[in-house]
Each structure stands twice: as C-alpha cells, then as structure tokens.
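Trainee: Take this structure, written in structure tokens, and hold onto it; I'll ask about it next.
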Amino acid sequence: MNKSNTPKKHVFDLYFMQNNAVAICYGISSLIVALLFVGIFLKCIIEKQLDVSAAYRDTSNIARAVEEHAIRTFEQASLLAMSIRFRYEQEDTLDLNSLAKVDPQAMSIFQQLAIINEHGIVSGSSIPGFAPVDLSEREHFKVHLLNPGAGLFVSKPVLGKVSGKWSIQLTTRLTRADKSFAGVVVVSLDPFYLSSFYKDIDIGPNGRITLIGQDDVIRAQKNMNESTFGAIIDDEMVRYLRDNNWDHVNFEANDTNSGIKMLCTYKAVEGFPLSVLISIPENDALSGFYTRRAGYIAFVTCLSILVFILAAWMSRVFRALRDNSDRLRIVFDNSPVGIMHLGSDGTVIDCNEKFSHQMGAPISTILGFNAANKSGVNLRSCINNALYGNIEIYEGPYTSTVGHKESYFRMIFNPVSLTNSPNDVIVTSEDISERIHAQENLRVTTERLQLATQSSGIGIWDYNIENNVLIWDDMMYKIYGINNTSASLTIEEWQSNVHPDDLQFCMSSVERAIRGEEELSIDFRIIWKSDNSIHYLRANALVNRKESGLAHRIIGINLDITARKTAELALQEAYAETEKQVASRTQELARANELLQTEIIERKQAHCEINQILSSISAIIIGVDQRGMVVRWNAAAENIFGLTLQESIGKPFHSLPIPWDWEALMKGVALTRSELKPQRLYNLWYEHGEGYDGYFVITIGPLWNENGGADGILILGDDISELKSLEIQLAQAAKLEAIGQLAAGIAHEINTPTQYVGDSVMFLKDAYADLGQLLTQVEELSRLPSPCGEEVAASLSLMLEEIEVDFLREEIPKTISRIDEGIGRIAAIVLAMKRFSYTSGDEKKAVDIREAIENTLVISRNEWKYVAEATTDFDPELPPVMCLAGDINQVFLNIIVNAAHAIGDVVRESNSLGCIAISTRKDGDFAVIIIKDTGTGIPKEVGSKVFNLFFTTKEVGKGTGQGLAIAYDIVVNKHNGSITFESEAGQGTTFIIRLPLAG
Numbered sequence: 001m002n003k004s005n006t007p008k009k010h011v012f013d014l015y016f017m018q019n020n021a022v023a024i025c026y027g028i029s030s031l032i033v034a035l036l037f038v039g040i041f042l043k044c045i046i047e048k049q050l051d052v053s054a055a056y057r058d059t060s061n062i063a064r065a066v067e068e069h070a071i072r073t074f075e076q077a078s079l080l081a082m083s084i085r086f087r088y089e090q091e092d093t094l095d096l097n098s099l100a101k102v103d104p105q106a107m108s109i110f111q112q113l114a115i116i117n118e119h120g121i122v123s124g125s126s127i128p129g130f131a132p133v134d135l136s137e138r139e140h141f142k143v144h145l146l147n148p149g150a151g152l153f154v155s156k157p158v159l160g161k162v163s164g165k166w167s168i169q170l171t172t173r174l175t176r177a178d179k180s181f182a183g184v185v186v187v188s189l190d191p192f193y194l195s196s197f198y199k200d201i202d203i204g205p206n207g208r209i210t211l212i213g214q215d216d217v218i219r220a221q222k223n224m225n226e227s228t229f230g231a232i233i234d235d236e237m238v239r240y241l242r243d244n245n246w247d248h249v250n251f252e253a254n255d256t257n258s259g260i261k262m263l264c265t266y267k268a269v270e271g272f273p274l275s276v277l278i279s280i281p282e283n284d285a286l287s288g289f290y291t292r293r294a295g296y297i298a299f300v301t302c303l304s305i306l307v308f309i310l311a312a313w314m315s316r317v318f319r320a321l322r323d324n325s326d327r328l329r330i331v332f333d334n335s336p337v338g339i340m341h342l343g344s345d346g347t348v349i350d351c352n353e354k355f356s357h358q359m360g361a362p363i364s365t366i367l368g369f370n371a372a373n374k375s376g377v378n379l380r381s382c383i384n385n386a387l388y389g390n391i392e393i394y395e396g397p398y399t400s401t402v403g404h405k406e407s408y409f410r411m412i413f414n415p416v417s418l419t420n421s422p423n424d425v426i427v428t429s430e431d432i433s434e435r436i437h438a439q440e441n442l443r444v445t446t447e448r449l450q451l452a453t454q455s456s457g458i459g460i461w462d463y464n465i466e467n468n469v470l471i472w473d474d475m476m477y478k479i480y481g482i483n484n485t486s487a488s489l490t491i492e493e494w495q496s497n498v499h500p501d502d503l504q505f506c507m508s509s510v511e512r513a514i515r516g517e518e519e520l521s522i523d524f525r526i527i528w529k530s531d532n533s534i535h536y537l538r539a540n541a542l543v544n545r546k547e548s549g550l551a552h553r554i555i556g557i558n559l560d561i562t563a564r565k566t567a568e569l570a571l572q573e574a575y576a577e578t579e580k581q582v583a584s585r586t587q588e589l590a591r592a593n594e595l596l597q598t599e600i601i602e603r604k605q606a607h608c609e610i611n612q613i614l615s616s617i618s619a620i621i622i623g624v625d626q627r628g629m630v631v632r633w634n635a636a637a638e639n640i641f642g643l644t645l646q647e648s649i650g651k652p653f654h655s656l657p658i659p660w661d662w663e664a665l666m667k668g669v670a671l672t673r674s675e676l677k678p679q680r681l682y683n684l685w686y687e688h689g690e691g692y693d694g695y696f697v698i699t700i701g702p703l704w705n706e707n708g709g710a711d712g713i714l715i716l717g718d719d720i721s722e723l724k725s726l727e728i729q730l731a732q733a734a735k736l737e738a739i740g741q742l743a744a745g746i747a748h749e750i751n752t753p754t755q756y757v758g759d760s761v762m763f764l765k766d767a768y769a770d771l772g773q774l775l776t777q778v779e780e781l782s783r784l785p786s787p788c789g790e791e792v793a794a795s796l797s798l799m800l801e802e803i804e805v806d807f808l809r810e811e812i813p814k815t816i817s818r819i820d821e822g823i824g825r826i827a828a829i830v831l832a833m834k835r836f837s838y839t840s841g842d843e844k845k846a847v848d849i850r851e852a853i854e855n856t857l858v859i860s861r862n863e864w865k866y867v868a869e870a871t872t873d874f875d876p877e878l879p880p881v882m883c884l885a886g887d888i889n890q891v892f893l894n895i896i897v898n899a900a901h902a903i904g905d906v907v908r909e910s911n912s913l914g915c916i917a918i919s920t921r922k923d924g925d926f927a928v929i930i931i932k933d934t935g936t937g938i939p940k941e942v943g944s945k946v947f948n949l950f951f952t953t954k955e956v957g958k959g960t961g962q963g964l965a966i967a968y969d970i971v972v973n974k975h976n977g978s979i980t981f982e983s984e985a986g987q988g989t990t991f992i993i994r995l996p997l998a999g
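Here the sequence shown is numbered in UniProt numbering, starting from 1 and rising by one per residue.
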C-alpha cells in the first residue's frame, strides 16, 4: 500500500520527525550545551566578584590593623617628644639618658632620644658618650627651622650620624619664652619594629604591606631590608587619593615592575601624615576561583560530551525506529491475512491489499468507511465491543457492504489498549471458505470411515510409547468385551487381557517392530473377563518415528478372527467341510482386502501429513536424486528463492537459477556423496527473492533407501541472517563498551603530556617577557649618541644579569624539546587509538601483528600500568597475517584487560607489580601469539566455561562475561584459528592464539 493512501490522522507529522531526527537531536543537544556554558559563565562572573569582594574585605581589615598599630606607635613617640620638649623648656639641663632608663620597655622601640640646638648641633642624646654632630642639613631639622608652625614631623628612614642605625625621626619644635626657635626634639623610631609587626600578617607570598609618607617615601613595609630604605612609591593613584584626602579606597592597579594586576586597599592614617597601602596579586586572591572555574569548565565539557553521546545514541534509535516502521509497513502490505485499522469512532484508517481483495473493493473505497455503523449486522456488535476494550472473534459467513463479496471469514478484533474508553482497533481477517469446505468434506469422510470400521468389525488403536497411553475406539472395547469407561488405557491394562501363553510372543513382536526389524502383524488370543471365553485377534500396525529415527507412536487395527480360527480348527478336524473352509477363506480374503484398502488409505493420509509437515518447516528442504535431479522442494525454498515447485521438481539441481555460493555448496555435496556422511556449511551466502542478502547454515546428508544404500542427498538450510546481524551488533557493542571503559584512561594518558607542554609554554612566555625587556633596552640604548658606549655596555650587562640570560640560553632548548616530546606522546596515543578503531568491514587484509599489539598496549596502558609491567618479544620473521584488523584488535584488548584485572587482584595483597608478557612466533603456516600474566589464575572447576557467553568470575558489575566469548568467536569461527589457555591457580594464566597466515 502506498504511503499516499495513508490517511493523515495525527497533526504531528511522524515522517517529518523520523526523517529529521538527527538534526533535531543535535539541535537540542547544542542548545543544552550552550545554556550550560552560559550558566557556567554567569556563575563564574558572580563567584569572581564575590572572591574579589572577600579579598578587599581582607585587605581592608589588614589596612585598619596596620593603621591602628601605626597610630599607637606614633602617638607613643609623639607623647614622648612632647614630654621631652615640655621638660626641656622648663630646664635646659635635661638628662635624656636618665629619661630613657625611666621606662626601658617604652624605649625598646626607639633607638635614641636627642635634642638638636638652634644651630643644628646635637646637644643631648640618650646614647652615652654621644658626639655633638652637625645635623643642620637634615630634613627633620630644617622643616622646623623654616616652618615655625610645623607640628610633629615623621621623616623618611635615615642613617643616624649618632646612633649609626637606620631610623625614622619623629621631631617637634623647641621654642623659647619669646617664641624664638630653640632647636628640635628628636625621637628615633626603629623601622624594623613596624615591619616585624607586618611579618606576622598572612597576606600570601606576593602580597605587600607598605606605610607611606606624604613625600611618597616608604616608611616601613613587610619583608623590609636595608636595600629598600628610602624607596619611593611611584603611584599616581596613591598620590591622587592622598592629595584629595581620601580616607579608605579599594582599587585595581598593575604593578609597575612585573605588570601583574594587583588588588589594592588605600587607608589614610588618622592624625598622622602617613597612609597605608595593602596590595595582593589578583591571581593569588582568585586562586580558589580559578580552581573552581577549571572544575566547572571540566564538568560542563564532560556533560556536553555526554549530551552529544546521548544525541548520537538517540539518532541511532530514531533511525532504527524509522527502519522498523518501514519494515512493519512492508509486513503490513504483504501480510497473508487481511489487516484493517479502525479509529476510535469506528472509521477505517488503513487497510492492506489482502483485506481489499477479501472485501472485493479498492482501498480508496474502504478508507473512511464507518465500519461501526455501516458494516454488516453480524459484525457491528464485535466492532463496538472491541472499541470499548474487549477482544472479539467472529467466524462465519459475511457479505461485504462495500464490495458485496460473500465468503466465510475468521476475524479477530484487537483493541489497541484495554480500557473502557473508545480505542483504535486492529482487525485481522482470514478467508476460511476453503477450510470450511475441507472441514465439511472431512466430516463426511470421517462418518463414512466410522461406518465402515463399525460394519467391518475392525477396531483402531493408537499407542503413545513415550507417555504409555493407549487409545481405543468403540469397536476395540467391543472386541475385548470391556465397557468403555475411560478415554485411554495403559499398556499394562491391555496385557491383562492377553492370553498368558501369547503375552511373551506379543511383546517380543511389538519390541521388534519398535526397533524396525519387522512390521507388526500378529495373531494372538485374549480372554474376556466377563465370561473367561477365549477370542482370537489379528493385529496390524505401523510405527511412527521422529526425525531421529526413534519410535514414539504405534497406530494399528485389531480384527476379531475368532470365527476364522474356529473354522480352521473345524477344517483340521473334518476335511468334509471343505466348502465351508473355502467360504471362510474367501471371507478372510475379503477382509484382508479391506485391511489392505485401509492400509492404503492410512499410508496416503500419512504421506499427506508428511507433506504438510515439510511444507510447514521454515528451513529450506531440497532433495536431489543420484542423477542430480530435484525430487523435493518445500514451501520455504519457494518463498526464499522465488522458484515454484513446478519450476524446480525434475530439473537438474545445478542448473536452477539460485543466487548463492554454488562453489562452497557443491564442495559439500561432493564430500557427502564420496564419504556418505552429513556435511555442515556455516554462513553460506545467498540472495533472497526480495533482493537482500542472507546467510544459511546448510546440512547436506545422504538419503538412505530400504537396502541401506544412498539414493541421493537431502539439503536442509536454516536462515541465520538475523542471527548473524545480531552477532555483528553484539561484537560492535562490546567494542564500543571496551572503548568507553578505556576513555578515561586514554584521557589521563593524554592529559599528562598536555600538562607539561602547557607548563613549558608558560615558561617560554615568561622568558619571552624578559627577552622583550632586553630588546626594549637595546632599542633605547641604540638611540644614544656614540660616546655613550661604556654606559651602553654597562646597562646591557646589568640587564643580561637581571634576566639571567645564561639560564634562559640553557633552559629554552630543553623546554622546546619537552614540548616536542609531549606533542609526540599525544600524537602516538591518538594514532594508536585511530589504528585500534579502524575496521576493514568483512574483508580480510594483511595486518602487522606487532603493530596491532603495540597499539593495543598504548590505548590500554592506563588499565595495566599501575599493576603490571608489559614486556614484548616479537618474532622479526613473522610476516603480516590476513585477518580482520578491528576484530583481532578486540581479541588482544579483551585478553590484556582481563590480565590487568587478574594481576590487580594479586597486587592489592602483595603491593608489588605483576607482569604481562606478550610474544609472537611463526609456527609453519600459523602465527602464534602468547599472552602471559602473573594474575590469580583460572580455577580448574571453571576452566571449561571461560569461553561461554556471559560467564564471568568477576564481581557483580565488573564483568559482562562477553570478552573471552567474543574473542573465541573471532579467532575460531571468523579466522579458522584456535585459542587455548594454560593456567595454575595463584600463578597466572597463559593464552595461546593461533591464526592462519593466509587467513
């Protein structure tokens, strides 16, 4: 039936869905992946902002702590300076040394107390034996000399001329009673006291804590040393914030030396001309975020891969559904029975050509016909009951209301779902007119046969040997003088009626017939239990046998010949009654003729039953006589090859136009004729009459005659096309499962060289940054006038020393070599995976066994490298082997992974690496591959089961039981090779694979 005749019941276009399933699957998958990446992107933005905010909170807290510490320190120094000024202004002979001894704990943070007179000469100091040095040029003296209104002044770190130490000078002005300048009070603060406080603050290895003066000179900082004293902070942002009296600001800035982006917190020190600058590299602050972001990206990437894998799987499912729909359509259109699809309102939605023929109307007329309301009266109740979920069967005459064709039909009305609401209904219709007529003829024939047997006095019996059940007809009960009280008897019940003197003879005759030594035809006596009278019977029977030749049923007749036997006795006693004997003999001949006719009828019926059985067998059966002529051709052969019985019987077998592998078949026929033994051919190709390829398992056996000779051959063929397709799908599924199990390991193997390639690239990037500075310096120096040669050389020398050019000259070639090595390892793994996944279809090609094993070891390395060492010993003389590359790779992979798992069970207990030893050699016309492991071994009690499908010794969830079964099938059935093993429990297992070199 054409799809154009199919009514469009559903709005949703199923054909559009099927034909565009791949695009839809991949479109939805791409949308999901895009949404995942957008979500992760937004999440990363939010988390980065939160981490930056947390970092600023930390730096702000540190800035406040540093500010509070500075305020306490400088306030203490300010109070001390003011106290000295007050006391000095009261009495000019103040002893600063004695003052220092008053509070030694407070003095521990100050290096000295001093007084400078109006001429800039040190006139007093807490250091005993000080020299009156001239400090008139020092900034902390001049600021008070020139600016009478200056308050407490905090100098930059200076090297003291009196103390000889670096210190921060806190100074205040001394005035006389007339307000004239009298000098300066100096409190020298140890800058390392401040930096020692910063040292205990955890701000990371690259974080900075800096205390800055109004002149941009650093007063104190974390990790301070003498080389950093007097350093200047050249930061426009800090100056801007200070000049505009900002109290507290968080901002971002790039480090002027390294160019690294820093997160900075500026805090003005309340009451002092100082400010605090806290800065940490953004990379340090966001290290946790970067780790989480990498995890998010990896997670989304893996999830995206899984989504696309699912999309690919769904695409295959949709293709399979589409193919299945097409196949169902073919089955629907070519069904030997009529099929009609009714909608929930009883309207015909679809039907096939067979149904159209049965109704005597074209499909276009039937479609849209409301069968629930307009069909014949005898069908309406069945249709309406089926619409409401009841299975209905109608069998009887029916006249089509659309085609007016009358026939006997058997119709089955099947609701689509068994509910009380209206359902769609599938109706199958079979024209049984011929069967009805045949049943009627059979009934008439059966009545005639019953009348004939009853009138002739012949009893019919049927003995089932296997069940020991004996069935009699009514005449048998009459012959034996028994009331018919049960449907069947046992052989022992029959024996109880046989005369004791004849019982042994009867049973021996039955046993010989069962063994096929002779036909069952005997005379014997029975004793009627009702009156103990003796009756003579004749029994004739045929033994029915199974295909194996084993007898399982005996069908026969009993004839009461008591009268004949009595007549025979009378003839022996009195020859005078000759005419009576002749008449008796004539009667016997008549009855014998009747028996013969009955036997002929039974044999014809048996022959008809045999033909029916042969016609119903799904396997092809072809009989060929000694002349090569076809003598038997069953219905299965007609259907598969498209040749009718008339086109085949009596024709030379080899001349039939059968599209199959004639060469292989005729070889089997020749062997059967010569050896007189059955031959079996596997995977014999043929082309079906409908145009597609298929495969047979062919059995060719001799046909024996009654004399034990061969009259010809019998060819039986079982179609294994579907089984072979399933076998291919199973092997492909196992290979995909193995690749899926190895995917994580392969990713790990690729990730290791990728990491150190990435590290090497980062090193080259940093090295290039240093070289870029050198090039910039060279370019600037090249613009200087020629007399500056010595300065140029000195600058270049200093620059080369700073960037460690010798170190770069040594390490850059090594780094490039590591990059090359890493890329080579990645390429080797990818190439191995590509070669492992390569398949040549069903065509065998020359394969380098050594290369196949090495590729398998590479892709499975993550399975065995943690538990074993792999060693190889390849025969250099071993030539390429003709085989299926993908299948042989699968065999090696299954055995190597099994070996790794077995060794892993041992390694967990011993903590020492095992060994997987692989060797090859040439043995005549065979390639021998030996794979030996030091695992747990295979127990003897399961050794015979290891190649059985789905048998496994592994824990539940760790093994499917398919690996070795698939390996056995590939080596033995596909390559005509062999696979065996030798194993000792606790010592390991050795697998030996033998493959023919020529395939």
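For each residue, glycine too, the CB sits at the ideal point set by N, CA and C.
Should Asp887 and Ile979 be called a contact, given that it needs their Cβ atoms to be closer than 7 Å?
Mentor: Not closer than 7 Å, so no.
Trainee: Name the DSSP bridge partner or partners of Phe696?
Mentor: Phe696 pairs with Leu684, Asp719.
Trainee: Using the C-alpha atoms, what's the distance from Ala710 back to Trp662?
Mentor: Looking at the two C-alpha atoms, the distance is approximately 23 Å.
Trainee: Does Ser275 come out as helix, strand or coil in the three-state DSSP assignment?
Mentor: Three-state result, Ser275: strand.
Trainee: Return helix, strand or coil for Ser315, following the three-state DSSP convention.
Mentor: Three-state result, Ser315: helix.
Trainee: From which residue to which residue does the beta strand (DSSP E) around Thr210 run?
Mentor: Element bounds for Thr210: 208-213.
Trainee: So, using beta-carbon positions, are Leu964 and Val942 closer together than 7 Å?
Mentor: No, Cβ-Cβ distance for Leu964 and Val942 is not below 7 Å.
Trainee: Look at the alpha carbon of Ser400 and the alpha carbon of Ser325, and state the distance between them as a whole number of angstroms.
Mentor: So the two alpha carbons sit approximately 30 Å from each other.
Trainee: When the Cα atoms are used, what is the spatial distance from Glu226 to Leu798?
Mentor: Taking the straight line from one Cα to the other gives about 21 Å.
Trainee: Got a sec, what are the start and stop residues for the alpha helix (DSSP H) Trp494 sits in?
Mentor: Run containing Trp494: 491-495, per the alpha helix (DSSP H) assignment.
Trainee: Among the residues of its own chain, which have a CB less than 8 Å from the CB of Asp501, if the five just before and after it don't count?
Mentor: Closer than 8 Å at Cβ, skipping near neighbours: Arg525.
Trainee: Does DSSP classify Gln169 as helix, strand or coil?
Mentor: Strand.
Trainee: Along the chain, where does the alpha helix (DSSP H) that runs through Val238 open and close?
Mentor: Looking at the DSSP string, the run of the alpha helix (DSSP H) that includes Val238 is 236-243.
Trainee: Which value, in whole angstroms, describes the spacing of the CA atoms of Ile812 and Ser30?
Mentor: Looking at the two C-alpha atoms, the distance is approximately 42 Å.
Trainee: Sort out for me which residues DSSP pairs Pro397 with in a bridge.
Mentor: Answer is Tyr408.
Trainee: Apart from the five residues just before and just after Arg968, which ones in its own chain have a Cβ nearer than 8 Å to its Cβ?
Mentor: Residue identity differs from the one stated: residue 968 is Tyr in this sequence, not Arg. Only Phe947, Ile979 meet the Cβ criterion.
Trainee: Of all the options Leu884, Ile816, Ala846, Gly914, which has the alpha carbon lying nearest to the alpha carbon of Glu863?
Mentor: Among Leu884, Ile816, Ala846, Gly914, the Cα nearest to that of Glu863 belongs to Gly914.
Trainee: Which whole-angstrom value is the C-beta distance of Thr920 and Gly988, which I expect to be below 8 Å?
Mentor: At roughly 19 Å, the Cβ-Cβ gap does not stay under 8 Å, so Thr920 and Gly988 are not in contact.
Trainee: The alpha helix (DSSP H) that contains Ala150, what's its start and end?
Mentor: It is not in any alpha helix (DSSP H) - Ala150 carries neither H nor E in the DSSP assignment.
Trainee: Please return the same chain residues whose Cβ sits closer than 6 Å to the Cβ of Arg850, not counting the five positions on each side in sequence.
Mentor: Excluding residues within five positions, the ones whose Cβ falls inside 6 Å are Phe874.
Trainee: Let me confirm a value: Thr59 is counted as buried when at least 16 other C-beta atoms fall within 10 Å, else exposed. Which label applies?
Mentor: Per the 10 Å Cβ criterion, buried.
Trainee: Looking at the strands, I want to know which residues DSSP matches up with Cys883.
Mentor: DSSP, once it has assigned bridges, lists Lys845 as partnering Cys883.
Trainee: Which residue's Cα is closest to the Cα of Asn705: Ile698, Ile966, Asn20, Leu714?
Mentor: Closest by alpha carbon: Leu714.
Trainee: Note down, in chain order, each residue of its chain lying with its Cβ closer than 6 Å to the Cβ of Ile479, except the 5 sequence neighbours on either side.
Mentor: So the qualifying residues of the chain are Gly459, Asn558, Asp560.
Trainee: By the three-class DSSP mapping on this structure, what secondary structure does Ser978 have?
Mentor: Of the three classes helix, strand and coil, the one that applies to Ser978 here is strand, per DSSP.
Trainee: On the DSSP letters alone, give me the boundaries of the alpha helix (DSSP H) that Asp502 sits inside.
Mentor: Residues 500-515.
Trainee: Looking at the structure shown, is Ala361 part of a helix, part of a strand, or coil, going by DSSP?
Mentor: Ala361: coil per DSSP, three-state reduction.
Trainee: Using DSSP with H/G/I as helix, E/B as strand and the rest coil, what is Pro657?
Mentor: The answer is coil: DSSP assigns Pro657 none of H, G, I, E or B.
Trainee: Looking at the structure shown, is Glu137 part of a helix, part of a strand, or coil, going by DSSP?
Mentor: It is coil, neither helix nor strand.
Trainee: Counting contacts by CB-CB distance shorter than 7 Å, is Asp873 in contact with chain B?
Mentor: Any reference to chain B falls outside this structure, which holds one protein chain only.
Trainee: Pick helix, strand or coil for Phe369, following the three-state DSSP scheme.
Mentor: Note: Phe369 maps to coil in three-state DSSP.
Trainee: In terms of residue numbering, what span does the alpha helix (DSSP H) encompassing Asn225 cover?
Mentor: Neither: Asn225 is in no alpha helix (DSSP H) and is coded neither H nor E.
Trainee: At which residues does the alpha helix (DSSP H) containing Lys267 begin and terminate?
Mentor: First-last for Lys267: 261-268, but that is the beta strand (DSSP E), not the alpha helix (DSSP H).
Trainee: When DSSP labels each residue in this structure, what does Ala298 get in the three-state scheme?
Mentor: DSSP places Ala298 in helix when its eight states are reduced to three.
Trainee: Could you check whether Leu170 and Ala77 sit closer than 7 Å to each other, using their CB atoms as the reference points?
Mentor: Yes. Within cutoff.
Trainee: What is the DSSP secondary structure of Leu995, reduced to helix, strand or coil?
Mentor: Strand, per DSSP.
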